[in-house]
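Take a look at the structure set out below.
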Amino acid sequence: MRIKTPNYVAGREGFVPKAIVLHITEGSYASTKSWFEMQNSQVSSHWVVDPFYGAIEVVKEIDTAWANGLPVRPRWKGMIKGVNPNLYTISVEVVLQNGYTFPSFKLWKDTAQLVADISRRWDIPLNSMGVVNHNEIRADKECPGKWMRRWYILFLIKVLKL
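For the sequence shown, full-length UniProt numbering begins at 1 and goes up steadily by one.
Right, here's the structure in full:
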């Protein structure tokens with residue numbers, strides 16, 4: 001299964017992914033799919049993780065998804081000054097109807113598995129430098145919300161040996 005989107009740039013202008021950025025959709029899989037497929041939305045992600053369908057590819061990891069926007073008061077220490085973070089990150093959207101709904105264990109596990117797989121493919125560290133919340137790049141966003149926590153994803157990767 002794959003979501004097709006016109007909202008990406010082929011390649012990464014010579015950059016290599018150095019981090020995974022966690023997002024939430026704040027909508028259903030169907031609404032996210034529809035939004036990503038619309039050219040006017042000007043947004044995409046590399047992956048969507050859905051509680052029913054699991055991990056779904058949207059933009060190939062070798063290409064640049066339009067997920068993070070430009071930095072706003074960034075706190076992530078991995079930022080490259082003057083470079084759009086979309087060029088050196090891989091974005092993962094987790095389907096939550098709103099940011100205040102506790103995710104199912106399956107959704108946590110599927111997200112953790114995807115993060116572990118991406119980490120292995122690109123040699124991305126499984127720590128706060130390599131796995132980043134969207135609001136650490138854009139402080140004006142609540143994303144990834146109250147319940148999608150990096151520490152728990154990293155904990156599951158370690159405990160479940162993903």
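The beta carbon of each residue, even a glycine, is placed where N, CA and C say it ideally should be.
If you're wondering where the values come from, they're calculated on a predicted model, not measured in any experiment.
Going along the chain, which residues of its own chain have a beta-carbon closer than 6 angstroms to the beta-carbon of residue i, five neighbours each way excluded?
i, result
"phenylalanine 102", "Trp147"
"serine 45", "Val58, Ala65, Ala67, Ser91 and Glu93"
"arginine 12", "Thr64 and Leu87"
Hey, how far is the Cα of residue i from the Cα of residue j?
i, j, result
"glutamate 142", "leucine 96", "13 angstroms"
"isoleucine 62", "proline 71", "21 angstroms"
"tyrosine 8", "valine 21", "16 angstroms"
"proline 85", "glutamine 39", "21 angstroms"
"isoleucine 157", "glutamine 113", "7 angstroms"
Tell me whether residue i is buried or exposed, calling it buried when 16 or more other Cβ atoms sit within 10 Å of its Cβ.
i, result
"lysine 4", "exposed"
"valine 131", "buried"
"glycine 82", "exposed"
"asparagine 135", "buried"
"phenylalanine 155", "exposed"
Among all the DSSP beta bridges, which residues are the ones paired with residue i?
i, result
"asparagine 133", "Leu22"
"glutamate 93", "His23 and Val48"
"glutamate 57", "Arg2 and Trp47"
Take residue i and list the residues in its own chain whose beta-carbon comes closer than 8 angstroms to its own, dropping the five residues that flank it on each side.
i, result
"serine 104", "Pro51"
"arginine 121", "Glu61"
Less than 7 angstroms between C-beta atoms, sequence neighbours within five positions excluded: which residues of the same chain meet that for residue i?
i, result
"aspartate 110", "Val49, Gly54 and Ala55"
"threonine 32", "Thr25, Val48, Glu93 and Val95"
"glutamine 42", "Asn7 and Trp66"
"asparagine 133", "Leu22, Pro144 and Arg150"
"arginine 73", "Ala139"
Hey, quick one: how far does the alpha helix (DSSP H) through residue i stretch, first residue to last?
i, result
"lysine 109", "105-122"
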